[in-house]
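Convert by adding 1027 to the 1-based position in the sequence shown; the result is the number in this note's numbering.
Beta carbons: idealized from backbone N, C-alpha and C, even for Gly.
First comes the structure, then the notes that go with it.
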Amino acid sequence: MRRVFRYNQPEALTSLDPAFANKQANIWAVTQLYNGLIELDDSLRPAPALARRYDISPDGLRYTFVLRPGVRFHDSEVFLGGKGREVKAQDVVYSFRRLLDKPTASPGGWIFRGKVIENAAGEPADTAFVAANDSTVRIYLKEPFIPFLGILTMPYAYVVPREAVQRYGKDFREHPVGTGPFVFKRWDEGSAIVYHRNPGYWRRDAQGQPLPYLDAVLISFITDRKTEFLTFQQGKLDFLSGVREGSRDLIMNPDGTVREDFAGRFQLQKVPYLNTEYLGFQLDPKNLRGEANQPALRDVRVRQALSYGVNRAELLAYFINNVGRPGTSGFVPSSLPSFSAEAVPGYTYQPAKARALLREAGYGPGSKPLRLRLSTVAERKEICEYLQKKWAELGIEVAIDVNQAAAHQELVDNGRAAFFTKSWLGDYPDAENYLALFYSPNFSPAGPNKTHFRNAAYDKLYEQAKLERNDQRRWQLYQAMDRLVVAESPVISLYYDEVVRLTQNNVRGLTPNPMNQLVLERVRKE
1028 MRRVFRYNQP
1038 EALTSLDPAF
1048 ANKQANIWAV
1058 TQLYNGLIEL
1068 DDSLRPAPAL
1078 ARRYDISPDG
1088 LRYTFVLRPG
1098 VRFHDSEVFL
1108 GGKGREVKAQ
1118 DVVYSFRRLL
1128 DKPTASPGGW
1138 IFRGKVIENA
1148 AGEPADTAFV
1158 AANDSTVRIY
1168 LKEPFIPFLG
1178 ILTMPYAYVV
1188 PREAVQRYGK
1198 DFREHPVGTG
1208 PFVFKRWDEG
1218 SAIVYHRNPG
1228 YWRRDAQGQP
1238 LPYLDAVLIS
1248 FITDRKTEFL
1258 TFQQGKLDFL
1268 SGVREGSRDL
1278 IMNPDGTVRE
1288 DFAGRFQLQK
1298 VPYLNTEYLG
1308 FQLDPKNLRG
1318 EANQPALRDV
1328 RVRQALSYGV
1338 NRAELLAYFI
1348 NNVGRPGTSG
1358 FVPSSLPSFS
1368 AEAVPGYTYQ
1378 PAKARALLRE
1388 AGYGPGSKPL
1398 RLRLSTVAER
1408 KEICEYLQKK
1418 WAELGIEVAI
1428 DVNQAAAHQE
1438 LVDNGRAAFF
1448 TKSWLGDYPD
1458 AENYLALFYS
1468 PNFSPAGPNK
1478 THFRNAAYDK
1488 LYEQAKLERN
1498 DQRRWQLYQA
1508 MDRLVVAESP
1518 VISLYYDEVV
1528 RLTQNNVRGL
1538 TPNPMNQLVL
1548 ERVRKE
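Written out as structure tokens, the structure reads:
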């Protein structure tokens, strides 16, 4: 009997090319087909993959990777005689340069841009990536960047063969050729994707058994969440992730435990997720027009009052079945090793303190009323209505503007929303990825600083942290930065997300982690 692992992808999957692995659907699908030089181990630390070892120069500017011998690309018509050839250092250099090539138009170029050495035009230099010989790759940075190994674990940095990209061009998205545990078989757009076991996969388990254990992977595309859950209940899916509103109440009690009628019927895992759900304030008024310009929000006391006015624990219990942790520390989520609620005390529900701050800022009974507008999307409307009610108790009137996701994103990115809902899902497991949102050279739309927060002391700490090799000292710098974010309140951290995963009882070896990765090479079905 063939052991087929079946999972569903409700969100659109647009490409099987790692250069376009910019959302979960694409990331999960390409993870089964490719490998990078480095991968994350079970404790989210960078570990060797296609590189059997690596070395970082004492100045932190040169990274040297020695490739594992004998790793071959999947068999494909693009190679001589249809047989996959051995991976060489030149393939790594080609894959990395391809991310930066304008014709590729990859959203992943940022992982190298501004980090590797550049030419006079400010573009990555030809000597940024070098194949010293067939098995040695060198990367040269323009300045030390401690989280760089973490960045290399991202799917954008997976290795692809030049022959396949040149043969298929834009259609490489549906003709993937990698080195991973599974080989692409077919894709019926909107219906299903099928992978087969890679019989020549380079990796074995601790007992010397060849991986993967599964014979095939089948990805379906059921868009309706209730139908998806019903299909899982019928045993036609092996795994479900990110249980949504519709089915969450069916499975879980308000306190987050499994309902009695489902207990034992499947495995439920709830684990921290590298995602902070937050509200942001636009601190730079230059693109705010008319009603959108809300000067009150540029008063730190008003921002702090809004934060003290949120009962985060109640919000989680009422709306999300306690899937998540209240955001009562800084912006860095609780799943990262540098997180410390003691070192970074945040905001708790203190309505009296909120009223005092509003009075101090000149708002409230007997003084001028405070009227605000909060921009959001349909899926967060219910939470926004709850916040609206809590703030009304403080005498703050908040109108809610609901937009389509793309329109909301455009408003926020271009500084045209004064007060908005957002989430930040970590690209790699280092707090620097979260704290980059408040570094002043990173202003949106080009960078992730969507609030246009600017603070010289913060920028100095960020630049220090980027160079600090000692973990403990770097974490102390991260915590100092996060304390500044709490004090200045360019954002309100609502909660640190968790991910809920359901698996059938006969599935073994599918372990969740805070990156919510889907790695199937060690999964068994009994």
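**Prompt:** Are Tyr1185 and Gly1217 closer than 8 Å when you measure CB to CB?
**Reply:** no
**Prompt:** So is Pro1151 buried or exposed if we call it buried at 16+ other beta carbons inside 10 Å?
**Reply:** buried
**Request:** Could you tell me which residues DSSP pairs with Thr1403 in its beta bridges?
**Result:** Val1429
**Message:** Quick check on the burial criterion: 16 or more other C-beta atoms within 10 angstroms. Buried or exposed for Asn1469?
**Reply:** buried
**Prompt:** By Cβ distance, which residues of its chain are closer than 6 Å to Trp1055, with the 5 residues on each side in sequence left out?
**Reply:** Leu1545
**Prompt:** Can the beta-carbon of Arg1030 be found less than 8 Å from the beta-carbon of Ser1247?
**Reply:** no
**Asked** If we count the other Cβ atoms within 10 Å of its Cβ and call it buried at 16 or more, is Ala1419 buried or exposed?
**Response** exposed
**Asked** Between the Cα of Ile1178 and the Cα atoms of Arg1496, Tyr1522, Asn1533 and Gly1453, which residue gives the shortest distance?
**Response** Gly1453
**Prompt:** If you draw a straight line from the alpha carbon of Ser1361 to that of Ser1367, how long is it in whole angstroms?
**Reply:** 8 Å
**Message:** I'd like the list of long-range same chain contacts for Lys1110, defined as Cβ closer than 7 Å, with 5 residues on each side in sequence excluded.
**Reply:** Asp1102
**Asked** Looking only at its own chain, which residues have a Cβ that is under 7 Å from the Cβ of Asn1532, when we skip the five neighbours before and after it?
**Response** Phe1293 and Gln1294
**Request:** Give the secondary structure of Leu1545 by DSSP, where H, G and I count as helix, E and B as strand, and everything else as coil.
**Result:** coil
**Asked** When you compare only the Cα positions, how much space is there between Phe1256 and Leu1537?
**Response** 19 Å
**Message:** Checking the sheet assignment: what are the DSSP bridge partners for Phe1123?
**Reply:** Answer by DSSP bridge pairing: none, since Phe1123 is not bridged.
**Message:** So, with DSSP's three-state summary, where would you put Ser1467?
**Reply:** helix
**Message:** Can you confirm whether the segment 1086–1098 touches the segment 1035–1054 when touching is taken to mean that 3 or more C-beta pairs between the two stretches lie within less than 8 Å?
**Reply:** no
**Asked** So, Tyr1431 versus Leu1384, is the Cβ gap smaller than 8 Å?
**Response** Note on residue identity: the sequence assigns Gln, not Tyr, to residue 1431. No.
**Inter-stretch contact (C-beta, 8 Å, three-pair minimum) for the segment 1280–1300 and the segment 1308–1318** = no
**Request:** Tell me whether Ser1365 sits in a helix, a strand or coil according to DSSP, three-state version.
**Result:** coil
**Item:** Alpha-carbon to alpha-carbon, Val1513 and Leu1486
**Value:** Residue identity differs from the one stated: residue 1486 is Asp in this sequence, not Leu. Cα-Cα distance, rounded: 15 Å.
**Message:** Going by DSSP, what residue range makes up the beta strand (DSSP E) through Ile1166?
**Reply:** Thr1163 to Tyr1167
**Message:** Could you check whether the segment 1161–1169 touches the segment 1112–1126, counting it as contact only if at least three pairs of C-beta atoms, one from each stretch, sit closer than 8 Å?
**Reply:** yes
**Request:** Kindly list the residues whose CB is nearer than 6 Å to the CB of Val1062, restricted to its own chain and excluding five residues on each side of it in sequence; keep chain order.
**Result:** The sequence shown places Asn at residue 1062, rather than the Val named in the question. Only Ala1076, Leu1077, Thr1206 and Gly1207 meet the Cβ criterion.
**Asked** Is the segment 1352–1360 in contact with the segment 1493–1512, if contact means three or more CB pairs nearer than 8 Å?
**Response** yes
**Asked** Assuming Val1569 and Tyr1195 make a contact with CB atoms under 8 Å, what is their CB distance in whole Å?
**Response** Absent from the structure is residue 1569, since the part of the chain shown begins at 1028 and ends at 1553.
**Where Arg1099 sits in the DSSP three-state scheme** = strand
**Message:** Suppose you measure from the CA of Asp1524 to the CA of Tyr1300; what does that come to, to the nearest Å?
**Reply:** 5 Å
**Request:** Can you give me the start and stop residues for the beta strand (DSSP E) that Lys1417 sits inside?
**Result:** Careful: Lys1417 lies outside any beta strand (DSSP E), inside the alpha helix (DSSP H) at Lys1408 to Ala1419.
**Prompt:** Taking the C-alpha atoms as reference points, what is the distance between Thr1180 and Pro1045?
**Reply:** 12 Å
**Nearest-angstrom Cβ-Cβ length linking Lys1197 and Phe1175, presumed shorter than 8 Å** = Not a contact, Cβ separation roughly 30 Å.
**Request:** Verify whether the separation of the beta carbon atoms of Phe1480 and Leu1310 is less than 8 Å.
**Result:** yes
**Proximity below 8 Å, CB of Leu1013 to CB of Met1542** = Residue 1013 falls outside the range modelled here, since the chain spans only 1028 to 1553, and no answer is possible.
**Item:** According to DSSP, residues forming a beta bridge with Leu1452
**Value:** Asn1302
**Message:** So for Tyr1228, helix, strand or coil by DSSP?
**Reply:** coil
**Cα-Cα separation, Asn1460 to Ala1074** = 19 Å
**Asked** Below 8 Å between beta carbons: does that hold for Leu1267 and Arg1528?
**Response** yes
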